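Input: a single structure, listed below in structure tokens.
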Amino acid sequence: MTKQFITKKQGFTFKQFHINQDQCAMKVGTDGILLGAWANIAQANRLLDLGTGTGLIALMLAQRTAEHCRISAVELDPQAYLQAQENCKQSPWAKKIQVFQQDIMAFAQDCRHKFDVITANPPYFAQGIDCANEQRNLARYTLAQSHLDWLHAAEKLLSPQGEIHFVLPFEAGKSLQKQTALFCMRECEVITKEGKTPQRLLLSFSRNAQPCAKSQLLIYDKNNQYSAEFKALTQDFYLKF
Numbered sequence: 609m610t611k612q613f614i615t616k617k618q619g620f621t622f623k624q625f626h627i628n629q630d631q632c633a634m635k636v637g638t639d640g641i642l643l644g645a646w647a648n649i650a651q652a653n654r655l656l657d658l659g660t661g662t663g664l665i666a667l668m669l670a671q672r673t674a675e676h677c678r679i680s681a682v683e684l685d686p687q688a689y690l691q692a693q694e695n696c697k698q699s700p701w702a703k704k705i706q707v708f709q710q711d712i713m714a715f716a717q718d719c720r721h722k723f724d725v726i727t728a729n730p731p732y733f734a735q736g737i738d739c740a741n742e743q744r745n746l747a748r749y750t751l752a753q754s755h756l757d758w759l760h761a762a763e764k765l766l767s768p769q770g771e772i773h774f775v776l777p778f779e780a781g782k783s784l785q786k787q788t789a790l791f792c793m794r795e796c797e798v799i800t801k802e803g804k805t806p807q808r809l810l811l812s813f814s815r816n817a818q819p820c821a822k823s824q825l826l827i828y829d830k831n832n833q834y835s836a837e838f839k840a841l842t843q844d845f846y847l848k849f
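Sequential numbering from 609 applies to the sequence shown in the working numbering.
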């Protein structure tokens, strides 16, 4: 996917917050930004971001929600956890966000709360060439836990009327829809550039049966300029918009 580069000292500056990312294996990228902007937060009081990394999506949710809302963010990697904690503490929403260092499966077993909105940008390579270091390997690869495992963990934590929002590679997203008993409420095909095939899927799941609303999102038009729909979705965050 495309990458943005409005950076400052190893970080990334948005309109209302800054992300430091020098201690995180996976940096700020378009996938996370899309999910943080796209997830439905209507009537949400308690929100959860699984595998928060830098804390990006948790901070985007904090910006979009009312002051009374509470956001939990879970991260296994110790360095990423500390950086997410730092990023959240330095944001305008430090009181809204709590970061936990824990495996998501253990968190799903231990947590007593149920969440109205759950987001995840999970590791996405099931197999492949090893990354240069273990931290990046952990962040990028589904070595121990599948996407279905992540969805099962989210389902355990979901409130009765809650929604789960994932961003995944296109084929992985299609496969996950076939594997789960949850209902896919929304499916957005993300197309990097006009004329290309979709590379990512934004997905919303619920326990409640309803027709799936399908859409497409184009990032770049044929002139290599950001599309109007991409700008509209992300304009509250990107400095350049």
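Where is the CB? At the ideal position from N, CA and C, for every residue including glycine.
None of the values given here were measured: they were computed from a predicted structure.
When the Cα of H773 is compared with those of F622, T638, N648, K848, which residue comes out closest?
The option with the nearest alpha carbon to H773 is N648.
Note down the Cα distance separating L781 from L811, rounded to an integer number of angstroms.
Per the sequence shown, the amino acid found at residue 781 is Gly instead of Leu. Each residue's alpha carbon lies about 7 Å from the other.
Apart from the five residues on each side of it in sequence, which residues of its chain come closer than 6 Å, Cβ to Cβ, to A666?
The answer, listed in chain order, is D657, T660, I679, A681, I705.
Comparing alpha-carbon positions, which option in K830, T673, K635, M793 lies nearest N653?
The residue with the shortest Cα to Cα distance from N653 is T673.
When burial is assigned at 16 or more other CB atoms within 10 Å of the CB, is E771 buried or exposed?
Classification of E771: buried, given that the 10 Å Cβ count is 16 or more.
Which residues mark the beginning and the end of the alpha helix (DSSP H) in which Y828 is found?
First-last for Y828: 821 to 828, but that is the beta strand (DSSP E), not the alpha helix (DSSP H).
Going by the C-beta, is S835 closer than 6 Å to any heavy atom of the ligand HEM?
What this structure holds is no ligand at all, so the ligand HEM is not there to describe.
For D657, write down the residues that DSSP places opposite it in a beta bridge.
Answer is A681, T727, bridged to D657.
Roughly how many whole angstroms lie between the Cα atoms of H626 and C677?
When rounded, the distance between both Cα atoms is 21 Å.
Between which two residues does the alpha helix (DSSP H) harbouring K712 extend?
Correcting the residue type first, residue 712 is Ile in the shown sequence and not Lys. From DSSP, the alpha helix (DSSP H) with I712 extends over 712 to 718.
Straight-line CA distance for Q709 to S699?
Their backbone Cα atoms lie some 19 Å apart in a straight line.
In angstroms with no decimal places, state the Cα-to-Cα distance between A762 and Q618.
Spanning the two alpha carbons is a distance of roughly 31 Å.
Could you pull out every residue in the same chain whose Cβ sits closer than 6 Å to the Cβ of K830, ignoring the five residues on either side in sequence?
Contacts found: E802.
By Cβ distance, which residues of its chain are closer than 6 Å to L841, with the 5 residues on each side in sequence left out?
Within the same chain, L841 has close Cβ partners A645.
Could you check how far apart the C-beta atoms of K764 and A817 are, in whole angstroms? I think they sit under 8 Å.
Incorrect: roughly 20 Å between the Cβ atoms, too far for contact.
Return the bridge partner residues of E771 from the DSSP annotation.
According to DSSP, which records beta bridges pairwise, E771 is partnered with V725.
Have a look at the DSSP bridge pairing and note the partners of V636.
None; V636 has no bridge partner.
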